[in-house]
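**Student:**
There are 2 protein chains.
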Amino acid sequence: MDLQLSPLAVHFPALAPVDGVRLGAAEAGIRYRDRTDVVLMELAAGTTAAGVFTTNRCPGAPVDWCRSAVKGGRARAVVINAGNANVFTGRAGHEACAATAAAAAELVGCPAKQVLIASTGVIGEVLPHEKLTAALPALHANLRDDAWEDAARGIMTTDTFPKGATRLARIGETEVRINGIAKGSGMIAPDMATMLCFVATDAKIPAAVLDTLLRKGVGRTFNCTTVDSDTSTSDTLLLFATGTAKHPRVPAKGGPVLRDFGQKLDDLLLDLALQVVRDGEGAQKLIRIDVSGATTGRSARRIAMSVANSPLVKTAVAGEDANWGRIVMAVGKAGEPADRDRLSIAVGGVWMARDGGVVPGYDEAPVVAHMRGREIHIEIDLGLGRGTATAWTCDFTHGYIDINGSYRS
Amino acid sequence: MDLQLSPLAVHFPALAPVDGVRLGAAEAGIRYRDRTDVVLMELAAGTTAAGVFTTNRCPGAPVDWCRSAVKGGRARAVVINAGNANVFTGRAGHEACAATAAAAAELVGCPAKQVLIASTGVIGEVLPHEKLTAALPALHANLRDDAWEDAARGIMTTDTFPKGATRLARIGETEVRINGIAKGSGMIAPDMATMLCFVATDAKIPAAVLDTLLRKGVGRTFNCTTVDSDTSTSDTLLLFATGTAKHPRVPAKGGPVLRDFGQKLDDLLLDLALQVVRDGEGAQKLIRIDVSGATTGRSARRIAMSVANSPLVKTAVAGEDANWGRIVMAVGKAGEPADRDRLSIAVGGVWMARDGGVVPGYDEAPVVAHMRGREIHIEIDLGLGRGTATAWTCDFTHGYIDINGSYRS
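Line order of the protein sequences matches chains S and P. Sequential numbering of the first sequence, starting at 27, is according to the numbering used here. Sequential numbering of the second sequence, starting at 27, is according to the numbering used here.
1) Would you give the residue range spanned by the beta strand (DSSP E) that P:Arg203 belongs to?
2) Taking the C-alpha atoms as reference points, what is the distance between P:Leu133 and S:Thr322?
3) Helix, strand or coil for P:Ser370, going by three-state DSSP, please let me know.
4) Can you tell which of P:Asp228, P:Gly109 and P:Arg352 has its C-alpha closest to the C-alpha of P:Ile181?
5) Starting from the Cα of P:Asp261, find the closest Cα among P:Arg59, P:Gln30, P:Leu66 and P:Ile106 and give me that residue.
6) Reducing DSSP to helix, strand and coil, say where P:Val152 ends up.
7) Give the residues from the segment 341-360 of chain S that approach chain P closer than 9 Å (Cβ to any Cβ), ordered along the chain.
8) How should S:Pro232 be labelled, buried or exposed, when 16 other C-beta atoms within 10 angstroms of its C-beta is the threshold for buried?
9) Just checking, does the segment 71-90 of chain S make contact with the segment 353-371 of chain P on the three C-beta pairs under 8 Å criterion?
10) Which residues of chain S have a Cβ atom closer than 8 Å to the Cβ of P:Gly7, listed in chain order?
11) On the criterion of 16 or more Cβ atoms from any shown chain inside 10 Å, does P:Met213 qualify as buried, or is it exposed?
12) Counting only beta-carbon atoms, is P:Gln30 nearer than 8 Å to chain S?
13) Going along chain S, which residues have a C-beta under 8 Å from P:Thr259?
14) If we cut at 8 Å on Cβ distances, does S:Arg57 have a partner in chain P?
15) Would S:Gly319 and S:Asp381 be called neighbours here (beta carbons separated by less than 8 Å)?
16) Within 10 angstroms of the Cβ of S:Gln301, are there 16 or more other Cβ atoms? Answer buried if so, exposed if not.
17) Is the shortest distance between the beta-carbon of P:Gln364 and the beta-carbons of chain S less than 8 Å?
18) Quickly, what does DSSP pair P:Phe266 with across the bridge? List them, please.
19) Spatial neighbours of P:Val317 within its chain, please: C-beta separation below 6 Å, excluding the five flanking residues on both sides.
20) Mapping the DSSP letters down to three states, classify P:Ile429 as helix, strand or coil.
21) Using a Cβ-Cβ cutoff of less than 7 Å, which residues in the same chain neighbour P:Ala372 once the five nearest sequence positions on both sides are dropped?
22) Below 9 Å on C-beta distance, what does S:Arg83 contact in chain P?
23) So if DSSP puts P:Lys189 in a beta bridge, which residue, or which two residues, is it bridged to?
24) Nearest-angstrom Cα distance between P:Gly280 and P:Thr227?
25) Does DSSP put P:Arg246 in a helix, a strand or coil?
26) Might you give, ordered along the chain, the residues of its own chain that have their beta carbon closer than 7 Å to the beta carbon of S:Val36, omitting 5 neighbours on each side?
27) Where P:Cys223 and S:Thr74 are concerned, what is the direct C-alpha to C-alpha distance, given to the nearest angstrom?
28) Taking the continuous alpha helix (DSSP H) assigned at P:Glu175, which residues delimit it?
29) Consider the Cβ of P:Val89: report whether some Cβ of chain S lies at a distance smaller than 8 Å.
30) Quick one: measure Cβ to Cβ for S:Ala299 and S:Asp421, integer angstroms, because I've assumed they're closer than 8 Å.
31) Is there a Cβ from chain P that is less than 8 Å from the Cβ of S:Phe422?
32) My guess is that S:Phe38 and S:Pro274 are in contact by the Cβ rule of under 8 Å, so how many angstroms apart are they, rounded?
33) For the beta strand (DSSP E) containing S:Glu390, list its first residue and its last residue.
34) Which residues in chain S sit within 9 Å of P:Ala379, going by Cβ to Cβ distance?
35) Which residues of chain S have a Cβ atom closer than 7 Å to the Cβ of P:Gly306, listed in chain order?
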């Protein structure tokens, strides 16, 4: 299938090296021809690590591997392949992870449990890990510190553009860098939507603190985005801190010294998450949903995600129809406290419905113009409390059906 | 928009009269031209009533009206209109219900609270109830006992076929009849998917017993179906028992005398629910999902609905692809107990995956042939316990995007 570049695509930014990280991509021929499909990332001795993974109860073997390995809080390498997700492959799946980790560990000189693994692509087929491990020595010999875009391209499946982001943050008076790459959420039958994301910094941060920062950041970013409500079996987000930067020591429990770092990390995660949404299958428009006035923040988030996951809201946006009736429906079906007669809805900054009824004679012209744009803004005020949340999604178009409803090739 | 007849359509069955029920349809000109859009159903004195309604927290005014009115357990009339759902209309919405009920009550000779109201169509517009009440006297003068199909046609919005079902049941030695009509789930922007269903029997059953039967029946039928996961603000299912049949008295708490009636009622509700799914927007295939081996029945139902609501599973079926990988994903994302390594999946009766892995060399030919048909059968065995459930849905096609993503006319 020939996929057209998403109209919401952004350019890959210039990513300066992160001290302590070398990476590269190679062609292992796992499934695709004439493109890179295996990525190796080598991390300096002493690198701390944290990860978050899919909540799907049927995760792939690499997710099992990483969940266990990341508990040690240390990492020296990451091996990622595209073309085969190593999901629903039983014992052979675990063995493929172990063999891959052992091969990378030997090259890098570390225990196998300090090698993390991620895979994306078709499922239910045993990963031909010999092809992967055969490619590793040459790949390792050619690692560079400036190959972030190569790495981002090497993990794409049906992504239409490579995804990367970079931020500078201050810890004390020291500037540290945070780089990240991600892939998602294109798909070819019988693939499943998989989201992979790898972030590295040269800051020196204890693994437990890294874990806290990551969970907090993901809650506000990746976990507030959706393309089609289907949670993959492979979602993996790994965060590494090489510790090569010289800055004031970060206490074991974190603290105020990490305030700027935490903000910049959240900002980078949101950047990458939105790039994934921008590359959602068939996406023509990026949708932002701001909920306010909910009874709690948790309730606001559930309502925002209910709207973001509603096929009727998403098809209305595809049709450039500011259909607030469907928004009312999606708010109501969330099952969270809502009072129809206090509900207000704005599209493109224009309040169309207020306190449970249409705003008489509201000016439709700016709303129509807004709906024709690429970025759609929906605001929902429940009028009940102080809970707020934001969610992002894309519209739901014929492109989605084309990509996911085609015959298996 | 010109909607083509669903390829899954079924013929409207011959519905013999239910003693104590007279009905008819008329043109009130609420929104549509040259078609009936208001239906009146008159019920014999002494009719008992029960109802179930949308769980959406932003229900329409008619749902509020019915919830309150049906508490009395008695009904003498139902007024239903198509073209305007009377949702998100504030105080004017309630007043429209009250005025409509008052007008019908005067014609029938009963308290207004014994008139039930249902509306379907555009939302956010005040219902022009004068048009509706103006049509009622002539409509009332022409009520017949054999106009069930007329009534089913009068409540259609973008349904592509009228929906009805009938069953005979025995209470003691007496045969009673159950008739039902339904509408759903076509849609034109800015309508919302609305499901309305009206069922009547000549049996004599206390309202509380009717309510129990209805809730039990709905749990296994309508509540196990989905078209697009979007819960309407108007869903209404009303059940009436005119009590004109002569059969052994039904005790205040029901009991074994109603066993056959309960089974036939469930069967009729399932028939109507599946007709709604068969008319799902853009539906080309009807999908049945049988889950077994779950830890509990409730868990089985959640897993079945997770699969039924998965856009990836539904687009795969549209593409005639027996993509069990997406089924694994949808099982896992339900959040219910599942063990990847005990999971088995069959399509069209052929077990493709067993105990967490592909069945080596399974015969794909019958699966491919099955996927080309109109009725798709998916079986999922979790291998954990004895919980079972069944859900029904339709596939997800370009037709859905056409219907719901078109510009508002």
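The beta carbon of each residue, even a glycine, is placed where N, CA and C say it ideally should be. Just so you know, these numbers come straight off a predicted model, no measurement behind them.
**Tutor:** So, from the data block:
1) Thr200 to Lys209
2) 49 Å
3) strand
4) P:Gly109
5) P:Ile106
6) coil
7) Thr341, Ala342, Val343, Ala344, Gly345, Glu346, Asp347, Ala348, Asn349, Trp350, Gly351, Arg352, Val354, Met355, Ala356, Val357, Gly358, Lys359 and Ala360
8) buried
9) yes
10) Nothing in the structure corresponds to residue 7 of chain P, since chain P is present only between 27 and 435.
11) Residue confidence for P:Met213 is low, a pLDDT of 41 falling below 50, so the modelled location carries little weight; the figure read from the coordinates is stated next. Under this definition P:Met213 is a buried residue.
12) no
13) Val354, Met355 and Gly358
14) no
15) no
16) buried
17) Note that residue 364 of chain P corresponds to Ala in the displayed sequence, not to Gln. Output row for P:Ala364: interface = yes.
18) P:Ala75 and P:Ala226
19) Ala326, Ile329, Ala330, Ile406 and Ala415
20) helix
21) Met378 and Glu405
22) Val357, Gly358, Lys359, Ala360, Gly361, Glu362, Pro363, Ala364, Asp365 and Arg366
23) P:Ala208
24) 16 Å
25) helix
26) Gln301 and Arg304
27) 60 Å
28) Trp174 to Gly180
29) no
30) Wrong, their Cβ atoms sit about 17 Å apart, outside the cutoff.
31) yes
32) About 33 Å separates the two Cβ atoms, so there is no contact after all.
33) That residue, S:Glu390, is in no beta strand (DSSP E); its alpha helix (DSSP H) goes Glu390 to Met397.
34) Phe114 and Gly150
35) The premise fails here: P:Gly306 is roughly 11 Å from chain S at the closest Cβ pair, so nothing lies under 7 Å.
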